[in-house]
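Engineer: What follows is a single structure, and I will ask about it in a moment.
In the working numbering, the protein residues as written are 25 to 381.
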């Protein structure tokens with residue numbers, strides 16, 4: 025069995041892994057880089073055309089941005105993903121198989137079996153345990169236990185010959201501590217009743233942050249959402265497969281739709297432009313100098329988020345969408361993995377680009 029890293033390890037995004045056995049070959053994820061250059065995975069035409077399947081962990085473009093590139097270069101295999109991932113992505117693959125929540129185990133052939141579960145990263149995000157030709161490979165995807173909004177099927181006691189494990193954060197604390205740090209920053213920034221802007225992606229941490237703010241601050245500081253995020257709230261809040269039980273009892277009215285223009289004192293505004301790349305986002309920030317800006321995710325090589333941060337216009341406190349170094353070590357210790365490949369962190373290198381086992 026040959027495992028090849030095509031991107032995502034010691035890299036900015038571009039997550040992609042290729043596995044070649046004697047009878048089967050497959051890919052896991054096909055993303056573009058997040059450095060503003062949209063680099064595609066390092067795959068040969070032979071690898072692209074030999075893959076029978078592409079397993080997609082979730083919709084974010086660092087995992088899906090290169091699917092079209094694969095198809096343009098001869099990939100004709102089946103693409104497996106959840107229904108929420110299919111709904112969220114812009115390019116719909118030609119040959120898609122939707123994962124059925126009632127069938128967490130699939131037998132693709134007599135020597136090719138797949139088990140999958142939810143990762144807690146965003147709606148539709150999943151991990152995969154792939155058993156192929158007598159070997160087991162685990163792919164964590166973007167993994168997060170304990171999220172306030174999203175369910176996670178926790179991985180414990182799992183055995184695999186090779187595991188690709190989320191290792192995004194080079195820090196020694198844990199998710200609960202990071203969420204507490206974000207909340208303390210929010211409370212500090214609204215204590216004088218100034219409005220607060222939280223740029224977030226369309227899919228992912230926005231709903232998680234909103235839920236925790238409401239749980240902590242109640243109606244004292246109303247939470248407003250951009251139209252796209254508010255639609256996600258209406259779509260997901262009462263769907264129990266990806267939302268935690270605590271969410272199902274919350275009325276839709278706890279959050280308010282926002283026109284992305286008007287702001288009021290004490291309001292907290294979630295804007296679906298995580299890098300402040302849109303002109304209207306910059307106009308909003310510049311026209312409301314008393315409004316605080318809190319960045320809670322990675323600052324990439326496009327948009328104005330990085331500039332606002334360096335100028336002191338914005339603050340940064342990281343929301344835990346992934347595993348920290350300590351949590352990755354905890355995760356490894358709770359399972360039985362012969363080879364571990366850390367991914368999603370440009371500072372974390374693997375021992376090799378190719379593993380044969």
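All residues carry an ideal CB built from backbone N, CA and C; glycine is no exception.
Note down the Cα distance separating residue 145 from residue 257, rounded to an integer number of angstroms.
Structural biologist: 15 Å
Engineer: Would residue 155 and residue 47 qualify as a contact pair, given that the criterion is a beta-carbon distance under 8 Å?
Structural biologist: no
Engineer: Would you kindly report the start and end of the unbroken beta strand (DSSP E) that includes residue 187?
Structural biologist: 183-190
Engineer: Once DSSP output is grouped into helix, strand and coil, what is the label at residue 169?
Structural biologist: coil
Engineer: Run through the segment 269-301 for me and flag every whole beta strand (DSSP E) of 3 or more residues, listed as ranges in chain order.
Structural biologist: Correct list: 279-281, 292-295.
Engineer: So the beta strand (DSSP E) residue 381 belongs to, where does it begin and stop?
Structural biologist: Segment: none, residue 381 is in no beta strand (DSSP E) and carries neither H nor E.
Engineer: What would DSSP say about residue 133, mapped onto helix, strand or coil?
Structural biologist: strand
Engineer: Do residue 103 and residue 117 have their CB atoms nearer than 8 Å?
Structural biologist: yes
Engineer: Return the CA-CA distance between residue 286 and residue 356, expressed in angstroms with no decimal places.
Structural biologist: A straight line joining the alpha-carbon of residue 286 with that of residue 356 spans about 47 Å.
Engineer: Going by DSSP in three states, residue 15 sits in which element: helix, strand or coil?
Structural biologist: Past the boundaries of the shown model lies residue 15; the chain is included only from 25 to 381, so the question cannot be answered.
Engineer: According to DSSP, which residues form a beta bridge with residue 40?
Structural biologist: 31
Engineer: Roughly how many whole angstroms lie between the Cα atoms of residue 126 and residue 141?
Structural biologist: 11 Å
Engineer: How about the segment 303-315 and the segment 230-240: do they share at least three Cβ pairs that are nearer than 8 Å?
Structural biologist: no
Engineer: Is it the case that the segment 178-197 contacts the segment 344-359, given that we only count it when at least three CB pairs across the two stretches are under 8 Å?
Structural biologist: yes
Engineer: Any chance the segment 209-226 sits against the segment 166-185, with 3 or more Cβ pairs inside 8 Å?
Structural biologist: no
Engineer: Is the segment 38-54 touching the segment 91-105 in the sense that three or more CB pairs, one from each, lie closer than 8 Å?
Structural biologist: yes
Engineer: Taking 8 Å as the threshold, find out whether the segment 282-299 comes into contact with the segment 258-268 through three or more Cβ pairs.
Structural biologist: no
Engineer: Here's a check: name, in chain order, each residue in its chain whose Cβ is nearer than 6 Å to the Cβ of residue 160, leaving out the five neighbours to either side.
Structural biologist: 184, 185
Engineer: Is the segment 166-179 close to the segment 328-335, with three or more CB pairs under 8 Å?
Structural biologist: no
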